[in-house]
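Below is one structure; the comments refer to it alone.
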Ligand code: NI
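Numbering (this note's numbering), first residue to last: 6 to 177.
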């Protein structure tokens, strides 16, 4: 496994609509493994392939709070097939928008169809943080970052701060 480089806003790649994967084969599993390692190292609870500059409809999620009891989810070509009328709000962050958070309202529960690590079709009902996280990651596959839900003023301010922080940081 190897760690991949995470891109930040305003990289135009983050606006890409990613392409479905034909089959979860060895190459896809390698990508899933590398993405999981990258996400854990960051650390984060969700990562979409476009955040490592790969425009495939692939996400990894692990919302378990327990360090010792990891429970990774691998979702390929994920699709929301049902959403609850009830909504919930979380303060969301994103590995591509480091150190910025904002409240985003989304359906509280969703039913998601996807191919798993073994290329099996799954349909899972999700709620709580997992529902929010998976919707956030599916948004990435459609070129949407959570700051796109904020006002233009707020969004521009965050993007400027991320750019400045990146410019000011020295990698030795
Ligand atoms: Ni994100």
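Ideal Cβ positions, reconstructed from N, Cα and C, are used throughout, including at glycine.
Within the same chain, Cβ atoms closer than 7 Å to the Cβ of residue 76 are found at 67 and 69, the five residues on either side in sequence being excluded. Assignment of beta strand (DSSP E) within the stretch 15-69, counting only whole runs of 3 or more residues, yields 51-53 and 63-66 in chain order.
Proximity to residue 71 across 136, 154 and 45 peaks at 45, based on C-alpha coordinates. DSSP, read as helix, strand or coil, puts residue 170 in helix.
Considering only 109, 84 and 39, the residue with the shortest C-alpha distance to residue 146 is 84. Judged by beta-carbon spacing, residue 112 lies within the 9 Å limit of residue 91, meaning their Cβ atoms are closer than that value. Per DSSP, residue 127 is one residue of the beta strand (DSSP E) stretching across 126-132. Our two residues, residue 163 and residue 105, have alpha carbons roughly 7 Å apart in a direct line. At a threshold of 8 Å, residue 142 counts as near the ligand NI, since its beta carbon sits closer than that to one of the ligand's heavy atoms. For residue 154, the three-state secondary structure derived from DSSP is helix.
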